[in-house]
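Written below as structure tokens is the structure these notes are about.
Residue numbers (the working numbering), protein chains in the order written: chain A, 22 to 362; chain B, 22 to 362.
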């Protein structure tokens with residue numbers, strides 16, 4: 022049996038001494054290099070307001086199971102996921118908050134690793150974790166740890182992206198191979214191993230987006246294809262803009278190991294989440310420059326044009342298959358990949 | 022057995038069709054009067070940046086059990102709690118986000134009630150819920166619903182509050198009777214009923230704070246005494262400022278029903294959380310004006326001076342008891358009142 026100090030106890034969420042110590046010794050220490058530790062302990066962080074006319078604000082809850090998977094854990098996933106939601110609106114991520122719901126008995130060492138990964142991911146994404154909260158629920162009322170992160174970013178003047186802004190003739194690009202994160206988590210969960218282990222692609226897309234915005238083209242919209250995968254992201258763009266999208270199966274990058282795992286597990290790679298990829302719709306004029314800028318960035322080396330926006334319509338997404346046919350790309354019903362992020 | 026559509030299913034968190042419908046039909050509809058519904062469905066909300074030099078940013082996770090209690094539910098509690106954390110820094114709350122972790126099988130009708138209460142609490146607090154996320158975990162891996170809210174506010178020029186800003190000679194005031202929320206939740210949980218049911222005091226303190234800031238005194242710091250109650254809030258202020266605080270037991274307002282419930286349950290009312298009260302440290306000069314302004318506000322009618330900041334020191338909090346003695350006010354260890362908010 023573990024010693025008391027080795028696991029999270031109900032008292033760590035109770036508002037008393039144990040909680041103050043946990044916040045000071047773990048959270049404030051881990052995030053201190055990025056933030057004035059003092060701020061973390063007030064009721065709200067007080068921060069310099071960016072000199073811009075528009076803020077971006079987003080939130081996500083992370084319940085991934087298992088919490089540790091090839092290529093990452095729930096901590097860096099939470100930071101990168103929130104950073105990416107800001108980046109998809111063209112915003113420069115500035116500040117993050119994190120709220121923990123921890124199950125009683127969770128190993129303190131695992132919590133430390135998760136918080137350490139969050140701090141490292143924040144450092145890489147150049148954001149500051151400035152506010153937090155810790156709640157503890159009894160055994161059997163949670164599952165290890167859930168993390169809700171929120172983020173505030175600054176939208177540069179002149180940048181205006183929206184899922185409803187696609188225009189007929191736009192070019193659809195992805196920044197790299199799809200499905201890595203979902204396969205990494207599902208294969209770990211299923212206890213499967215493949216000849217080449219697939220790692221999660223969890224990463225901050227903020228730097229890549231910044232490069233794309235500077236490349237001079239016209240980006241209409243971006244999405245990071247998380248839950249529901251590339252298929253859901255394409256559907257969202259097509260529906261919100263009232264256009265059709267046509268993609269080429271052969272042009273969509275999928276790692277061979279991901280494709281084999283999907284065959285084995287019965288998934289369509291287009292339904293499998295990524296956590297470090299983006300799909301964008303680009304005005305054809307200037308699209309080559311944006312694509313070149315993507316390929317010059319480490320996270321966009323395998324960027325590819327995968328299709329085109331067709332005419333106005335009801336949000337149909339179709340795919341020309343490798344055997345020359347055309348099929349509808351369906352929106353996943355949602356049950357297939359529970360707790361993937 | 023309930024029909025499928027009456028409960029939350031795993032698919033509602035899966036990123037596919039069921040989730041899109043839930044977000045559109047429930048969340049976007051409930052929060053639409055307060056926000057451009059379209060914004061809610063982008064990856065991040067894009068918002069007008071306040072014309073101020075400082076933002077306030079905070080987050081909280083809510084795991085209260087039971088989710089419905091006399092005077093409120095987890096929904097209005099989550100909105101008010103986050104609004105109050107912003108208000109305690111003197112900020113005007115502007116935008117909220119909410120992330121849900123829902124247990125599979127949770128009644129859709131209960132979810133609707135909770136979201137409705139959130140929308141109503143947001144309306145009262147004059148904030149907009151602009152971003153959200155929904156995750157679903159399998160039965161036995163959660164407990165109904167957990168909600169993490171984050172908030173962004175605008176700190177008016179010239180306002181600077183901090184738990185480290187107390188000065189010897191300051192006056193300590195509370196805005197009303199303490200312990201109502203904790204007793205309301207604990208008595209419901211324990212299946213107790215008292216001759217007069219105690220209701221949670223959950224409320225937005227933003228209006229009261231705004232009134233106090235306009236009253237012309239000098240507010241050093243404010244706290245809403247949630248987890249750990251008034252005792253924890255006083256400890257935080259005393260420790261962070263390196264001063265002692267002395268309070269008068271007879272001056273601390275506690276409703277008779279709350280006092281009786283605390284006697285019965287074995288709690289010290291000073292350890293029992295409030296969710297619509299504040300404690301403040303005021304420079305003596307101008308304190309009468311601030312107190313008068315508080316009493317003129319519906320949420321501060323019973324505001325009272327409860328003590329004073331003593332000399333510099335190690336953060337001791339002492340209380341003159343009703344029988345004329347002096348005792349240390351201890352910081353609760355944290356186990357006593359689990360899942361109270």
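No residue lacks a Cβ here, since even glycine has one placed at the ideal position from N, Cα and C. This structure is a prediction, so every number in the text was calculated from the model and none was measured.
Reduced DSSP category for residue 290 (chain B) - H, G, I as helix; E, B as strand; rest coil: One-based indexing of the second chain puts residue 290 (chain B) at position 269. Of the three classes helix, strand and coil, the one that applies to residue 290 (chain B) here is helix, per DSSP.
Segment contact flag, the segment 264-273 of chain A with the segment 233-243 of chain A, C-beta cutoff 8 angstroms, min 3 pairs: no
Cβ neighbours of residue 172 (chain A) in the same chain (closer than 6 angstroms, five flanking residues each side left out): By 1-based counting over the first chain, the position of residue 172 (chain A) is 151. Cβ neighbours of residue 172 (chain A) beyond the five flanking positions: 79, 103, 107, 114 and 117.
Reduced DSSP secondary structure (H/G/I, E/B, other) of residue 269 (chain A): For the purposes of this step, residue 269 (chain A) is taken as the residue at position 248 of the first chain. In this structure, residue 269 (chain A) counts as strand in the three-state DSSP scheme.
Own chain partners of residue 226 (chain B) with C-beta closer than 7 angstroms, once the 5 adjacent residues on each side are dropped: For the purposes of this step, residue 226 (chain B) is identified with residue 205 of the second chain, where counting begins at 1. Within the same chain, residue 226 (chain B) has close Cβ partners 105, 108, 245, 297, 299 and 320.
Stretch pair the segment 198-206 of chain B + the segment 278-285 of chain B: three plus CB contacts closer than 8 angstroms: yes
Contact check, residue 356 (chain B) vs residue 35 (chain A), beta carbons under 8 angstroms: The count along the second chain starts at 1 and reaches residue 356 (chain B) at position 335. The count along the first chain starts at 1 and reaches residue 35 (chain A) at position 14. Yes; because the gap between Cβ atoms is below 8 angstroms, this pair is in contact.
Per-residue DSSP class, three states only, for residue 135 (chain B): Here the question's residue 135 (chain B) lines up with position 114 in the second chain. Here residue 135 (chain B) sits in helix by DSSP.
Same chain only: Cβ atoms within 6 angstroms of residue 347 (chain A), ignoring 5 sequence neighbours per side: Residue 347 (chain A) sits at position 326 when you count from the first residue of the first chain. Closer than 6 angstroms at the Cβ level, and outside the excluded window around residue 347 (chain A), lie 339 and 341.
Secondary structure of residue 81 (chain B), DSSP reduced to three states: Against the second chain, residue 81 (chain B) aligns to sequence position 60. Here residue 81 (chain B) sits in strand by DSSP.
Residue range of the unbroken alpha helix (DSSP H) whose run includes residue 95 (chain B): Taking the first residue of the second chain as 1, we reach residue 95 (chain B) at position 74. It spans 95-108 - the alpha helix (DSSP H) in which residue 95 (chain B) sits, taken as one unbroken run.
Residue burial classification, residue 361 (chain B) (beta-carbon count within 10 angstroms, cutoff 16): Start at 1 with the first residue of the second chain, and residue 361 (chain B) comes out as number 340. Label assigned to residue 361 (chain B): buried.
Exposure of residue 156 (chain A), with buried meaning 16 or more beta-carbon neighbours within 10 Å: Along the first chain, one-based indexing puts residue 156 (chain A) at 135. Residue 156 (chain A) should be labelled buried.
Any C-beta of chain A under 8 angstroms from that of residue 97 (chain B): Within the second chain, the letter at position 76 stands for residue 97 (chain B). It does not; no Cβ of chain A falls within 8 angstroms.
At least 3 beta-carbon pairs within less than 8 angstroms: the segment 119-133 of chain A vs the segment 173-180 of chain B: no
Listed by chain order, chain D residues near residue 116 (chain A) by CB distance under 7 angstroms: Here the protein chains are A and B, and chain D is not one of them.
Close-in-space but distant-in-sequence residues of the same chain around residue 327 (chain A) (CB under 7 angstroms, 5 per side omitted): For the purposes of this step, residue 327 (chain A) is taken as the residue at position 306 of the first chain. Cβ within range, chain order: 193, 194, 195, 268, 269, 272 and 273.
Inter-residue CB distance, residue 170 (chain B) and residue 99 (chain B) (contact presumed, cutoff 8 angstroms): Residue 170 (chain B) sits at position 149 when you count from the first residue of the second chain. Residue 99 (chain B) sits at position 78 when you count from the first residue of the second chain. At roughly 5 angstroms, the Cβ-Cβ gap stays under 8 angstroms, so residue 170 (chain B) and residue 99 (chain B) are in contact.
Bridge-paired residues (DSSP) for residue 170 (chain A): Residue 170 (chain A) sits at position 149 when you count from the first residue of the first chain. BP columns for residue 170 (chain A) point to A:81 and A:119.
Neighbour flag for residue 75 (chain A) against chain B, beta carbons, 8 angstroms: One-based indexing of the first chain puts residue 75 (chain A) at position 54. Cβ-Cβ to chain B under 8 angstroms: yes for residue 75 (chain A).
For residue 328 (chain B), the residue or residues it bridges with in DSSP: Here residue 328 (chain B) corresponds to residue number 307 of the second chain, with the count starting at 1. For residue 328 (chain B), which the question treats as bridged, DSSP gives the partners B:193 and B:268.
Reference residue 166 (chain A); option with closest CA among A:344, A:82, A:309 and A:43: One-based indexing of the first chain puts residue 166 (chain A) at position 145. When only C-alpha atoms are compared, the closest one is A:82.
Opening and closing residue of the beta strand (DSSP E) in which residue 243 (chain A) lies: Start at 1 with the first residue of the first chain, and residue 243 (chain A) comes out as number 222. Note, residue 243 (chain A): beta strand (DSSP E), 240-244.
Interface positions of the segment 120-137 of chain B facing chain A (Cβ-Cβ less than 8 angstroms), listed along the chain: 120, 121 and 122
Where residue 177 (chain B) falls: helix, strand or coil (DSSP): For the purposes of this step, residue 177 (chain B) is identified with residue 156 of the second chain, where counting begins at 1. If DSSP states are grouped into helix, strand and coil, residue 177 (chain B) belongs with coil.
Residue 164 (chain A) - DSSP class collapsed to helix/strand/coil: The count along the first chain starts at 1 and reaches residue 164 (chain A) at position 143. Three-state result, residue 164 (chain A): coil.
Cβ of residue 272 (chain B) within 8 angstroms of any chain A Cβ: Working through the second chain from its first residue, we reach residue 272 (chain B) at position 251. No, residue 272 (chain B) lies away from the interface with chain A (no Cβ there is under 8 angstroms from its Cβ).
Exposure label - residue 343 (chain A); buried when at least 16 CB within 10 Å: As a position in the first chain, residue 343 (chain A) is number 322, starting the count at 1. With fewer than 16 Cβ atoms within 10 Å of its Cβ, residue 343 (chain A) is classed as exposed.
Given 8 angstroms, three or more beta-carbon pairs between the segment 231-241 of chain A and the segment 302-321 of chain A: yes
Residue-level contact to chain B via CB, residue 224 (chain A), 8 angstroms cutoff: Along the first chain, read from residue 1 onward, the residue named residue 224 (chain A) stands at position 203. Judged by the 8 angstroms Cβ criterion, residue 224 (chain A) is not in contact with chain B.
Helix, strand or coil at residue 149 (chain B) according to DSSP, with G and I counted as helix: Position 128 of the second chain, counted from the start, is the residue given in the question as residue 149 (chain B). Residue state, collapsed to three classes: strand.
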